[in-house]
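Participant:
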Amino acid sequence: MIQMLKLAFRNLGRNRRRSFFSALAMGMALALLLMMASFIQGEMGDAIDLAIRLQSGHLQVRAASYDEAKTSLKWEDLIENPDQVATKVASIGPVAVATPRLYASGFVTTRDESAGVRVVGIDPLSAANAPYRDGMREGEFLTPDDREGVLIGWTLANRLDLSAGDQVSLSVNTSGGEVDEQPFTVRGIYSTGTSGFDSLTVLLPLAKAQAITGAENRASSIFVLLKDAAQTDAVIAALQAPGYTVLTWRDMNELLVQTEDLSASYMGFFYLIVLGIAATVIVNTQIMSVYERTREIGILSAIGMRGRRLMAIFLTESALLAVGGILLGLIVGGIVIAYFTRYGFPLSIEGFGITGMLFGDTIYTQLTVKDTVNLTLMSFVVTLLAGLYPAVLASRMEPVVALRAEK
Amino acid sequence: MEVAKVENVTRVYTVGKVETHALRGVDLTIESGEFTALVGPSGSGKTTLLQLLGCLDRPTSGRVSISGKDVSQLNRDQRADMRRGTIGFIFQFFALIPTLTAYENIEMPLLLDGHSAAERHARIAELLEAVGLGDRGTSRPDQLSGGQQQRVAIARALAVKPSLILADEPTANLDTPNGQQVMETMTRLNQDTGVTFVFATHDPRVIQYARRVVTLRDGLVAEDKRADKKS
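Chains as they are written, first to last, in our numbering: chain A, 745 to 1151; chain B, 9 to 239.
1) Between which two residues does the beta strand (DSSP E) holding residue 170 of chain B run?
2) Since residue 1061 of chain A meets chain B, which of its residues come closer than 9 Å, beta carbon to beta carbon?
3) So, with DSSP's three-state summary, where would you put residue 843 of chain A?
4) Quick one: does residue 1047 of chain A have its CB under 8 Å from some CB of chain B?
5) Leaving out the 5 sequence neighbours to the left and right, which residues in its chain are closer than 7 Å to residue 1057 of chain A when beta-carbon positions are compared?
6) Under 8 Å Cβ-Cβ, which residues of chain A neighbour residue 107 of chain B?
7) So is residue 971 of chain A buried or exposed if we call it buried at 16+ other beta carbons inside 10 Å?
8) Between residue 923 of chain A and residue 912 of chain A, is the Cβ-Cβ spacing less than 8 Å?
9) Helix, strand or coil for residue 26 of chain B, going by three-state DSSP, please let me know.
10) Residue 208 of chain B and residue 177 of chain B - do their beta-carbons sit closer together than 8 Å?
11) List the DSSP bridge partners of residue 231 of chain B.
12) With burial defined as no fewer than 16 other Cβ atoms inside 10 Å of the residue's Cβ, what is the status of residue 1041 of chain A: buried or exposed?
13) Measure how close the beta-carbons of residue 48 of chain B and residue 220 of chain B come, nearest whole angstrom, since I'm counting them as under 8 Å.
14) Between residue 1057 of chain A and chain B, is there a C-beta pair that is closer than 8 Å?
15) Rounded to whole angstroms, what's the CA-CA distance from residue 1043 of chain A to residue 158 of chain B? Just pull it up for me.
16) If I measure Cβ to Cβ from residue 757 of chain A and keep anything under 8 Å in the same chain, skipping five residues before and after, which residues do I get?
17) Please work out which residues of its chain come closer than 8 Å, Cβ to Cβ, to residue 768 of chain A, disregarding the five sequence neighbours upstream and downstream, and give them in chain order.
18) Alpha carbon to alpha carbon, how far is residue 167 of chain B from residue 13 of chain B? Give it in angstroms, no decimals.
19) Can you tell me the Cα-Cα spacing of residue 1120 of chain A and residue 1079 of chain A, whole angstroms?
20) When burial is assigned at 16 or more other CB atoms within 10 Å of the CB, is residue 76 of chain B buried or exposed?
21) Could you check if residue 1099 of chain A is buried or exposed, using at least 16 other CB atoms within 10 Å of its CB as the buried criterion?
22) For residue 1035 of chain A, which of helix, strand or coil comes out of DSSP?
23) Taking C-beta pairs closer than 7 Å, name the residues in chain A that residue 88 of chain B reaches, listed in chain order.
24) Residue range of the alpha helix (DSSP H) that residue 826 of chain A falls in?
25) Determine the chain A residues that contact residue 92 of chain B at a beta-carbon separation under 9 Å, and present them in chain order.
26) Under three-state DSSP, which class holds residue 1134 of chain A?
27) Would you mind listing the beta strand (DSSP E) stretches within the stretch 975-1033 of chain A that are 3+ residues and don't spill past its ends, in chain order?
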C-alpha cells in the first residue's frame, strides 16, 4: 500500500503543473460550493430570523376574520382589549414576549415628496421592539404617551431627506374607510439593517395609532416571540380560542420557507454541475496519463501486475489529486468564507413588499460542519468516480498492445 | 527438464479483413538451463513466439506449456500470475519505470510476488552486485546509461528467480561495448544460476553467445542448431 502511494505520488510528480491544475480545478469547485453553501445558509438563516424579529414574530394571534392582505381596520376584524389578550398570552410558559400591534397603510408627505408606508402601532415599552430600539440612528425612541412623534426607517428617511426633529404629514386609512391626515414630528430614525423593511415602515405608539385610525381599544394582532422557536406547535394549542386565529412564522413566511426548501434542491443540482465540470478535468488528466504511460502499463503487466492492481494505481492517483484538491479548496474557501463571515457580504435588496421576503443589507456567510463534510466527501467521491474510467482503461490494456506503444 | 514447450502453434493477427499469419505451426521445446537465440529476418515471427512463450499473448491454435502447465487458454489474470512467478522479461527498449530508482524497479516484481522487506532488500543487493551496479541502486533510469539500464532490467527479470527469461533484441539499442557487456552478464548469470534464457536477435555479435540457435522463417522453424559452447 505504501509502495502504491509512493508510485502514485511520483507519477503525479512527473507533470507537476498538470497535476497541480487538475487538483486546483477540484479545489476551486469545492471552494465555490462551500462559499455558495455558506452564503445560502447565511442568507436563508438571516432572512427567516429577520422575518421573525421584524415582521411576523413566531406567532401572531388575530381576529378570525382579519385579512392581512387588505390591512383591514374594520372593528370586527380587530382584537378588542388587546392589552388583556397580550397579558394572557404572555403568561404561557414558552412565550418570551407578547405585544399588541396595529397595522395600517398610509403615506408620508414632506414639503417636496411623499411615499407610501406601512404604519405600525407598537407598545413602545415592549421588549419585542428591540430591533428598532437597538437600531436607533438619530433622535429618540417613542414613549407610550407621545402623541406627535413617529419613528421613520433609515432608508425612507434618506429617500425623503428627513432628520430627527423634522415635520412630516402622515395620512392613514381609518376604520371608517376614510383617510385621516395629521402632522407629526420625526422623533427618531431607526435602522434594522434591512432596507426592504426600513424603506416602508413608520412606527407610532399604539395609543396614537389607535386614535388616528379610529380603531379605539383594538389591535390587528398580538405579536408573539417565543423563548425557543421549537416550542411553536406546543404554544399554538394553548392559544386556540373561538373568534381568534393563530398563525405561525411558517404560515406567515410561506414564501420564505418554500424558497428555503427550493434552494436546498436547487443547490444539490448546482453542486452536481460544478463537480461535474471539475470531474471532466480529472478524467481528461487521467486519460492523458494512461495514454502517456501505455508502455509502462505494458511493462508492469509483463512483470505480473494484475489488472486490478493497475487500476488501483490510477485510482490512487485520483485519490491523491482529490486530497490535494480538497486541501486547496478548504484553504481557499475557508479564507474567503472566514472573511465574509466576519465582515459580511454587502447586498441591498429594496422594493420587496411587506408580504415578500426580507433580506439583510449585509449577508454574513455561515459555514456549517454538515455542509463542509458533505461537500468534502462529495468532491472526493466525484474525483474517484472520475478516475474510474481511466483506471479501467489502464487495467484492460492487453500487455502485447501496450508494450508496442511509443511511450 | 523442459521449461517451455510449443506444439503446432499458430498465431494469426486480423486487422480489418486482412489476416496476417505470424506463426504457421511452430514446434519447439526449451530445456532448463538453455541459452537460446531466436533468429530470423524481420516478420519471421521471433517476437510473436517470445510473446507466446512469455504468456503475454495467446496462440490462435496449438498449445504452449510453461513448466509443464498448459498456458494457452489462461485468462488475463492467470497469465499475469504465471508471468509473475515464472518468467522474466528483458525488452529492446530499456523498459524501466522512470519514476522508480534502479533499486525500486528491481523491487517491483518482488513486491508483486509478496516477498518480505528483508528478503527484498537482500535479493536486490545481490542482484545489483551480480549485474555490476552495486553502487547505483538509488539512481533513477534517466541517471543511468543505456547499458546500465538494460542491466537493471536483467536484474529485475531475475528478481523472483524465474525458470525462464525472455529477451527481445536486448542489445538493439546499445553500442558495441555496452551490448557486449549485457550479453556477458546474461551468459554469466545463465552459467552461475542455471536460469534459462531465450532471446530474439538478428545481430550476429549477439548470436555468437548462444548455445542453441533457432532460426525462424515465415512463421516456421527453419533450422534448430546446437553448439556445446560459444564459438
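Every residue gets a Cβ at the ideal spot worked out from N, C-alpha and C, and that includes glycine.
Facilitator: Judging by the given coordinates:
1) Position 162 of the second sequence, counting from 1, holds the residue named residue 170 of chain B. Residue 170 of chain B -> no beta strand (DSSP E), and no H or E assigned at all.
2) Against the first sequence, residue 1061 of chain A aligns to sequence position 317. Those do not exist, as residue 1061 of chain A stays about 11 Å from chain B at its closest Cβ, beyond 9 Å.
3) Within the first sequence, residue 843 of chain A is the residue found at index 99, counting from 1. The answer is strand: DSSP assigns residue 843 of chain A an E or B state.
4) By 1-based counting over the first sequence, the position of residue 1047 of chain A is 303. Answer yes: the Cβ-Cβ gap between residue 1047 of chain A and chain B drops below 8 Å somewhere.
5) As a first step, residue 1057 of chain A is located in the first sequence; it is residue number 313 there, counting from the start. Excluding sequence neighbours, residue 1057 of chain A sits near 748, 751, 752.
6) Position 99 of the second sequence holds residue 107 of chain B. Ordered by position in chain A, the residues that pass the 8 Å Cβ test against residue 107 of chain B are 751, 754, 755, 757, 758.
7) Numbered from 1 along the first sequence, position 227 holds the residue referred to as residue 971 of chain A. The residue is exposed, with fewer than 16 neighbouring Cβ atoms inside 10 Å.
8) Position 179 of the first sequence, counted from the first residue, corresponds to residue 923 of chain A. Position 168 of the first sequence, counted from the first residue, corresponds to residue 912 of chain A. It is not a contact, given that the beta carbons lie outside the stated cut-off.
9) Along the second sequence, one-based indexing puts residue 26 of chain B at 18. Strand, per DSSP.
10) Within the second sequence, numbered from 1, the residue matching residue 177 of chain B stands at position 169. Within the second sequence, numbered from 1, the residue matching residue 208 of chain B stands at position 200. Yes.
11) Sequence index remark: in the second sequence, residue 231 of chain B carries index 223 (1-based). According to DSSP, residue 231 of chain B bridges with B:223.
12) Mapped onto the first sequence, residue 1041 of chain A falls at position 297. It is buried - the Cβ of residue 1041 of chain A has at least 16 other Cβ atoms within 10 Å.
13) Locating residue 48 of chain B in the second sequence gives position 40, counting from the first residue. Locating residue 220 of chain B in the second sequence gives position 212, counting from the first residue. About 14 Å; that fails the 8 Å criterion.
14) Taking the first residue of the first sequence as 1, we reach residue 1057 of chain A at position 313. No, because no Cβ of chain B sits closer than 8 Å to the Cβ of residue 1057 of chain A.
15) Stepping through the first sequence from its first residue, residue 1043 of chain A is reached at position 299. Stepping through the second sequence from its first residue, residue 158 of chain B is reached at position 150. So the two alpha carbons sit approximately 14 Å from each other.
16) Position 13 of the first sequence, counted from the first residue, corresponds to residue 757 of chain A. Same-chain partners within the cutoff: 763.
17) For the purposes of this step, residue 768 of chain A is taken as the residue at position 24 of the first sequence. Excluding positions up to five away in sequence, the list reads 1069, 1072.
18) Within the second sequence, numbered from 1, the residue matching residue 13 of chain B stands at position 5. Within the second sequence, numbered from 1, the residue matching residue 167 of chain B stands at position 159. Distance between the alpha carbons of residue 13 of chain B and residue 167 of chain B is about 23 Å.
19) Start at 1 with the first residue of the first sequence, and residue 1120 of chain A comes out as number 376. Start at 1 with the first residue of the first sequence, and residue 1079 of chain A comes out as number 335. Cα to Cα, residue 1120 of chain A sits roughly 16 Å from residue 1079 of chain A.
20) In the second sequence, counting from the first residue as 1, residue 76 of chain B sits at position 68. That one is exposed.
21) Numbered from its first residue, the first sequence carries residue 1099 of chain A at position 355. Low confidence applies to residue 1099 of chain A: its pLDDT is 43, below 50, so where it sits in the model is not reliable enough to give any reading.
22) To locate residue 1035 of chain A, count along the first sequence from 1; it is residue 291. Three-state DSSP puts residue 1035 of chain A in a helix.
23) Looking up residue 88 of chain B in the second sequence gives position 80. Residues of chain A passing the Cβ test: 1045, 1048, 1049, 1050.
24) Walking along the first sequence from the start, residue 826 of chain A turns up at place 82. Element bounds for residue 826 of chain A: 826-834.
25) Sequence index remark: in the second sequence, residue 92 of chain B carries index 84 (1-based). Within 9 Å Cβ-Cβ: 1047, 1048, 1049, 1050.
26) As a working note, residue 1134 of chain A is residue 390 in the first sequence. Helix, per DSSP.
27) 988-992
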